[in-house]
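S.K.:
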Amino acid sequence: MIKIICVCGARPNFMKIAPIMRAFNESGEFETLLVHTGQHYDKKMSHLFFDELNIPKPDINLEVGSGSHAVQTAEVMKRFEPVVQDFDPNYVLVVGDVNSTIACGLVAVKLGVKLVHVEAGLRSFDKGMPEEINRVLTDRISDLLFITEQSGIDNLKNEGVEDSRVHFVGNVMIDTLIANREKAAASDILEKMELTEKGYAVITLHRPSNVDDMENFNEIITAFEEIEKDMKLVFPIHPRTRNNIKGTELGKRVEAMKNLILLDPVGYLDFLCLTSNAALVMTDSGGIQEETTILGVPCMTLRENTERPVTITEGTNRLVHIDTDDILRNYNEIKEVNFDVSGKIPKFWDGKAAERIAKVLAVGD
Ligand code: UD1
Ligand code: UDP
6 MIKIICVCGA RPNFMKIAPI MRAFNESGEF ETLLVHTGQH YDKKMSHLFF DELNIPKPDI
66 NLEVGSGSHA VQTAEVMKRF EPVVQDFDPN YVLVVGDVNS TIACGLVAVK LGVKLVHVEA
126 GLRSFDKGMP EEINRVLTDR ISDLLFITEQ SGIDNLKNEG VEDSRVHFVG NVMIDTLIAN
186 REKAAASDIL EKMELTEKGY AVITLHRPSN VDDMENFNEI ITAFEEIEKD MKLVFPIHPR
246 TRNNIKGTEL GKRVEAMKNL ILLDPVGYLD FLCLTSNAAL VMTDSGGIQE ETTILGVPCM
306 TLRENTERPV TITEGTNRLV HIDTDDILRN YNEIKEVNFD VSGKIPKFWD GKAAERIAKV
366 LAVGD
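Put into structure tokens, the structure is as follows:
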């Protein structure tokens, strides 16, 4: 049996780890230990997804909670080290680019355990993003790198990573989308919220560059004040964002918008139902750029760059500057074509990425 510790910690990790755990269990070749670092801990940012996506209950929750980057990363490392020593795995597998990813990766390699990075090679080339630092460093120390799109291969080649360590397997987040699309279609969230198909836009925002910087946030909110005159805006708000605007002028403006519906974060199935039926998605999320590409729903990514360029070159995504006029210009362009945009499905985004990962690991390196 191959002993492997699988790590998850923050919201997008749960969608990525779900198909991987399933593939490992189905293969019969793996003895798994699922570790939740506790980076995200609210029911609606964590536990909910375990029930909805049938992820096994974590064997261990490190319960690190929130903190500065240094505190959070250090706390994960301190608590993860004895877990690795006790379980003595062949591999530690980490996904994505959050603080839990680099923290557990560092612990693994320093204990001489092989590190597997799922969703490797993505680059925004923007060191101002904490995720970019996490990605570059995790890839640098990983033994096996699983790639979601061609840019990942190109980036790793440019950084001198040997081809033999790199495997283009597709996108585990899309495995989850494909596995849950039918279930999501049965959600009653549209009726509950009195929304009509293509009659609303979905918003998510949580990047520090947008929501910790009040000047940038103001540019975005000012644009939403215009767009809400046209259509309903559904905004499941991330706790970082909610905390930042609580009691502020900007917060009051958000609450004053009659057509903007502010919600707590919603479950995966409700969220997928919302995005599937939306006219438009406006977001700064990484994963949602990929999901809208598969759904064929126009996505305005409110960022200066993306580490997921295939969502633009092949999908339905476009980058929009953090500037009220640019947001409105892009909105109007998409409105002019009736929110009808088309794209292609990127290579290997076919629901089978996790199976491919299990096969590669089962063969050994
Ligand atoms: C983290 C990831 C980011 C990812 C995002 C997904 C890092 C550096 N950032 O950002 O890459 O896109 O998750 O959602 O790892 N909070 C709660 N309840 C929770 C979790 C967080 O209230 O369950 C609040 C706390 O005030 C916390 C803040 O949100 O300080 C930020 O949480 P943190 O995990 O540090 O970063 P995110 O912004 O969530
Ligand atoms: N998501 C969700 N509920 C929400 C908002 C997002 O289930 O209220 C899902 C979304 O479908 C995607 C994932 O969360 O699968 C993306 O996570 P997030 O945007 O927090 O992180 P990022 O991808 O930016 O790292």
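Here my numbering runs 5 ahead of the position in the sequence shown, where the first position is 1.
Where a beta carbon is used, it is the ideal one built from N, C-alpha and C, also for glycine.
#1: Measuring alpha carbon to alpha carbon, tell me which of Gly43, Asp56, Glu36 ends up nearest aspartate 93.
#2: Please go through the same chain and pick out, in chain order, the residues whose beta-carbon is closer than 8 Å to the beta-carbon of glycine 204, but skip the five residues on each side of it.
#3: Is serine 290 near ligand 2, judged by its Cβ being under 6 Å from some heavy atom?
#4: Is threonine 143 closer than 7 Å to threonine 201 when the C-beta atoms are compared?
#5: Ends of the beta strand (DSSP E) at methionine 287?
#6: Which residue marks the beginning of the beta strand (DSSP E) containing histidine 243, and which one marks its end?
#7: Using a Cβ-Cβ cutoff of less than 6 Å, which residues in the same chain neighbour glycine 292 once the five nearest sequence positions on both sides are dropped?
#8: Does the distance from the C-beta atom of threonine 288 to that of threonine 321 stay below 7 Å?
#9: Is proline 17 a contact residue of ligand 2, with contact defined as CB to any heavy atom under 6 Å?
#10: What is the DSSP secondary structure of isoleucine 266, reduced to helix, strand or coil?
#11: Out of Gly101, Arg140, Asp131, Met82, which has the shortest C-alpha to C-alpha gap to lysine 115?
#12: Quick one, which of Arg313, Met134, Asp269 has its alpha-carbon nearest leucine 53's?
#13: Restricting to Cα atoms, I'd like to know which of Ser169, Ile25, Leu111, Ala206 is closest to cysteine 278.
#14: What are the residues that DSSP puts in a beta bridge with cysteine 13?
#15: Could you confirm whether any beta carbon from chain B is found closer than 7 Å to the beta carbon of isoleucine 317?
#16: Between valine 103 and ligand 1, is there a pair consisting of the residue's CB and a ligand heavy atom that are separated by less than 6 Å?
#17: Closest to alanine 23 by CA distance: which of Ile327, Leu182, Ile194, Arg247 is it?
#18: Which partner residues of histidine 172 appear in the DSSP bridge assignment?
#19: Please classify phenylalanine 344: does DSSP put it in a helix, a strand, or coil?
#20: Starting from lysine 119, follow the beta strand (DSSP E) in both directions and report where the run begins and ends.
#21: In whole angstroms, what separates the C-alpha of histidine 45 from that of proline 244?
#22: Quick check on this structure: which residue in Asn95, Lys234, Ile138 has the alpha carbon closest to the alpha carbon of glycine 101?
#23: Whether or not the segment 119-135 and the segment 144-158 are in contact is what I'm after, with contact meaning three or more pairs of Cβ atoms, one per stretch, closer than 8 Å; do they touch?
#24: Where does the unbroken beta strand (DSSP E) through valine 100 begin, and where does it stop?
#25: Sort Tyr336, Thr329, Ile266 by Cα distance to arginine 323 and report the nearest one.
#26: Please give me, in chain order, every unbroken run of the beta strand (DSSP E) with length at least 3 that falls completely inside the segment 289-357.
#27: Does glutamine 294 pass the burial test, meaning 16 or more other C-beta atoms within 10 Å, or should it be called exposed?
#28: Pull up the CB-CB distance for leucine 58 and methionine 20, whole angstroms please, since I reckon it's below 8 Å.
#29: Can we say the segment 251-267 touches the segment 351-366, given the rule of at least three CB pairs closer than 8 Å?
#30: Please classify asparagine 163 as buried or exposed, where buried requires at least 16 other C-beta atoms within 10 Å of its C-beta.
#31: Cα separation between leucine 38 and isoleucine 339?
#32: List the DSSP bridge partners of asparagine 66.
M.R.: Let me lay it out:
#1: The shortest C-alpha to C-alpha distance from aspartate 93 to any of Gly43, Asp56, Glu36 is the one to Glu36.
#2: Spatial neighbours of glycine 204 in its own chain (CB-CB distance under 8 Å, excluding positions within 5 residues in sequence) are listed in chain order as Met236, Lys237, Ala284.
#3: Answer for serine 290: yes, Cβ within range of ligand 2.
#4: No.
#5: Boundaries of the beta strand (DSSP E) harbouring methionine 287: 285-288, taken from the DSSP string.
#6: Counting along the chain, histidine 243 sits inside no beta strand (DSSP E), nor does DSSP assign it H or E at all.
#7: Same-chain partners within the cutoff: Pro17, Met178.
#8: Contact: no.
#9: Yes - ligand 2 has a heavy atom lying nearer than 6 Å to the Cβ of proline 17.
#10: Isoleucine 266: strand per DSSP, three-state reduction.
#11: Relative to lysine 115, the option among Gly101, Arg140, Asp131, Met82 whose CA is nearest is Met82.
#12: Leucine 53 has its Cα closest to that of Asp269, out of Arg313, Met134, Asp269.
#13: When only C-alpha atoms are compared, the closest one is Ala206.
#14: Bridge partners of cysteine 13: His41.
#15: Protein chain content of the structure displayed is limited to a single chain, and chain B is not contained in it.
#16: For valine 103, the CB falls within less than 6 Å of some heavy atom of ligand 1.
#17: Of Ile327, Leu182, Ile194, Arg247, the residue nearest in Cα terms is Leu182.
#18: According to DSSP, histidine 172 shares a beta bridge with Phe151.
#19: In the three-state reduction of the DSSP assignment, phenylalanine 344 falls in the coil class.
#20: DSSP places lysine 119 inside the beta strand (DSSP E), whose first and last residues are 119-125.
#21: Looking at the backbone, the Cα of histidine 45 and that of proline 244 are separated by about 10 Å.
#22: Closest option to glycine 101, Cα to Cα, is Ile138.
#23: Counting C-beta pairs with one atom in each stretch, the segment 144-158 and the segment 119-135 have three or more that are closer than 8 Å, which means they touch.
#24: Counting along the chain, the beta strand (DSSP E) containing valine 100 begins and ends at 96-100.
#25: Considering only Tyr336, Thr329, Ile266, the residue with the shortest C-alpha distance to arginine 323 is Tyr336.
#26: Within the segment 289-357, the complete beta strand (DSSP E) segments at least 3 residues long are 304-306, 322-324, listed from N- to C-terminus.
#27: Burial call: buried.
#28: Right, the Cβ-Cβ distance comes to about 7 Å (below 8 Å), so this counts as a contact.
#29: Touching, no, given that fewer than three Cβ pairs across the two stretches are closer than 8 Å.
#30: Burial state of asparagine 163 is exposed, judged by a 10 Å Cβ sphere holding fewer than 16 other Cβ atoms.
#31: Roughly 46 Å between the two C-alpha positions.
#32: His41.
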